[in-house]
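J.:
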Amino acid sequence: MFSTLLNIVVPVFAVVAVGFAFGRRQRHADMGFVNLANVAVFCPALVFSALIDNPVRLGTSWPLMLAGVLVILLPGLLLCLFRFRGLERRTLVLGGMFRNTGNIGIPLMMLAYGEDQLGGIIILFVLSNLVHFSLGLFILSREAGRWLWLKNPIIWAAVLGMLLADHPTLLPEFVYTSAGLLGQIAVPLMLFALGVRLSGGEMGDLGLALRVNLSYLLVGAASLLLVAWWLPLSADWLRLLALSVMLPPAVLNYLLCEQYRCQPDKMASIVLLGNALSVLTIPLVIYLTLTFL
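Next up, the structure:
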C-alpha cells in the first residue's frame, strides 16, 4: 500500500515542485498568458473530451451531482459558525467552500481511483467552477457579475459534451481527437502553474492560517458525513467526494480576493499553508478511502 501511495502522490507533487523551483529561479515569472490558455482552451477541451468518452446520465448520476454541490455549500454554512480575529467572514467562507479540484484534484483522483472514474471527476470539477464563478463572486462582491459564469468556457464545454455524448456522429472524428490532444495538456500544465504561483507567495500569521485550514478539514469531513448519510452514493463516488473535501483551498481564491480587495494577504497565507499541509493529509485520505471504501 505504501508503494501504491507513493506512485499516486509523488508524481503530482513532483510536477508542482518543478513549477515551484522554476518560479523561484525565474523571479516574477509571468504565467498569465499560459494560465489564460489553460482556462480558455485546454481545460474546456479536457472537459469536453472526458464527457464524450464518459457520458453523464442524469437519471443515474444525479446523486453525485447533488452531493458535489452540497459538499461546496455545506462547508460554507458551517463556517459561518466560526470566528477568527482579523479575518472577514467572506474570506473565511470562500477558502473553505472552493477547493483545488482542478490543479490537484483531477490528477490525484485519476491516479488514485482510475481513469474509468474520469466522468465523475469531471462532474465535480465542472460543478465547482460553476458555483465558484457564480456564488463565489457574489460572496466576494454583491456588485460582481453574478452571471459571470456564463462567460466561463468550461461550463459551455460541459454542456456541449453532455449534449453530444449520445450523438457523437454529429461531428467528425477529428474534432474529438483534436479535443483529446488539447485536453491532455491541461492537467500537467495545471500542476506546473500551481507550483509557479505558490513560489511567489509568502506566508504570514501561520497560527491563523493553521487554525483556518484545520477548520476547513473539520467542516469538510462533517459535510461528507451528512451527504453520505442522506444520499445513495456508491463507494466510487464516496471516494471522489472524500478526497475533494480534503483538498487544499484553490489558488483561484487568492486571485479573486486580490481582485476584489478582500484580505488577499491573509488568503495567500491560508492557501499556501493549506497546500503545504496537503502533503500530509492527501496520502492519509487516499489510504483510508482505498482501504475502507
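The opening position of the sequence shown corresponds to residue 54 in our numbering, with each subsequent residue numbered one higher.
Cβ atoms here follow ideal geometry from the backbone N, Cα and C, with glycine treated the same way.
What you are looking at is a predicted structure, and each value in this text was computed from that prediction instead of being measured.
(1) Output needed for ALA211: all residues of its chain with C-beta closer than 8 Å, excluding positions within five of it in sequence on either side, in chain order.
(2) Between the beta-carbon of ALA120 and the beta-carbon of LEU278, is there less than 7 Å?
(3) Confirm, please, whether the CB-CB distance from GLY76 to SER231 is below 7 Å.
(4) When you compare only the Cα positions, how much space is there between THR57 and ILE335?
(5) Measuring CB atoms only, is the region 85 to 94 touching the region 120 to 129, in the sense that at least three cross pairs come out at less than 8 Å?
(6) Which class does ARG77 belong to by DSSP, given the choice of helix, strand or coil?
(7) Evaluate contact between the region 139 to 151 and the region 240 to 254, counting only Cβ atoms and requiring at least three cross-stretch pairs below 8 Å.
(8) In three-state DSSP terms, what is PRO128?
(9) Output needed for LEU326: all residues of its chain with C-beta closer than 8 Å, excluding positions within five of it in sequence on either side, in chain order.
(10) Give me the residue from MET162, ALA90, MET118 and PHE151 with the minimum Cα distance to ILE61.
(11) Mind checking GLY236: buried by the 16 CB within 10 Å criterion, or exposed?
(12) ALA321 and TYR307 - do their beta-carbons sit closer together than 7 Å?
(13) Quick test of your reading: ALA98 and VAL249, contact by CB under 8 Å. State the CB separation rounded to the nearest angstrom.
(14) When we look at the beta-carbon of VAL332 and count the other beta-carbons within 10 Å, is it buried (16 or more) or exposed?
(15) Among GLY148, TYR166, VAL228 and GLY173, which one has its Cα closest to the Cα of THR113?
(16) Find out if the Cβ-Cβ distance for the pair LEU126, TRP290 is shorter than 7 Å.
(17) Would you tell me roughly how many angstroms separate the C-alpha atoms of VAL304 and GLU311, rounded to the nearest one?
(18) Which same chain residues end up closer than 8 Å to LEU213 when comparing Cβ atoms and leaving out the 5 residues on each side of it in sequence?
(19) Kindly indicate which three-state DSSP category ARG138 falls into: helix, strand or coil?
(20) Here's the rule I'm using: 16 or more other beta-carbon atoms within 10 Å means buried, otherwise exposed. How should VAL324 be labelled?
(21) Are the beta-carbon atoms of ASN153 and PRO301 separated by less than 7 Å?
(22) Using the C-alpha atoms, what's the distance from PRO160 back to LEU346?
(23) Are the Cβ atoms of ASN88 and ALA281 separated by less than 7 Å?
(24) So LYS204 is in the alpha helix (DSSP H); what residue range does that whole segment cover?
(25) If I'm right that ASN156 touches LEU244 with Cβ under 8 Å, what's the distance once you round it to whole angstroms?
T.: Result, derived from the coordinates:
(1) Within the same chain, ALA211 has close Cβ partners VAL100, PHE101, LEU104, ILE175 and VAL179.
(2) Taking 7 Å as the Cβ cut-off, ALA120 and LEU278 do not qualify as a contacting pair.
(3) Pairing SER231 with GLY76 gives a Cβ-Cβ distance that is not under 7 Å.
(4) Each residue's alpha carbon lies about 13 Å from the other.
(5) Result no; under three Cβ-Cβ pairs closer than 8 Å.
(6) Here ARG77 sits in helix by DSSP.
(7) The region 139 to 151 is not in contact with the region 240 to 254.
(8) Here DSSP, grouped into helix, strand and coil, assigns PRO128 to helix.
(9) Excluding positions up to five away in sequence, the list reads MET256, LEU259, ALA262, LEU263 and ASN266.
(10) Shortest Cα-Cα distance from ILE61 to any of MET162, ALA90, MET118 and PHE151 involves MET162.
(11) The Cβ neighbour count for GLY236, taken over all protein chains shown within 10 Å, is at least 16; the residue is labelled buried.
(12) Contact: yes.
(13) With a contact defined as Cβ atoms closer than 8 Å, ALA98 and VAL249 miss out at about 21 Å.
(14) An exposed status is given to VAL332, since fewer than 16 other beta-carbon atoms sit within 10 Å of its beta-carbon.
(15) Nearest C-alpha to THR113: GLY173.
(16) It is not a contact, given that the beta carbons lie outside the stated cut-off.
(17) Taking the straight line joining both Cα atoms gives about 11 Å.
(18) Cβ neighbours of LEU213 beyond the five flanking positions: PHE101.
(19) In this structure, ARG138 counts as coil in the three-state DSSP scheme.
(20) By the 10 Å Cβ count, VAL324 comes out buried.
(21) Contact flag set, yes.
(22) For LEU346 and PRO160, the distance between alpha carbons rounds to 20 Å.
(23) Annotated as distal: ASN88 and ALA281, with beta-carbon spacing of 7 Å or more.
(24) Counting along the chain, LYS204 falls outside any alpha helix (DSSP H), and DSSP gives it neither H nor E.
(25) About 6 Å; that satisfies the 8 Å criterion.
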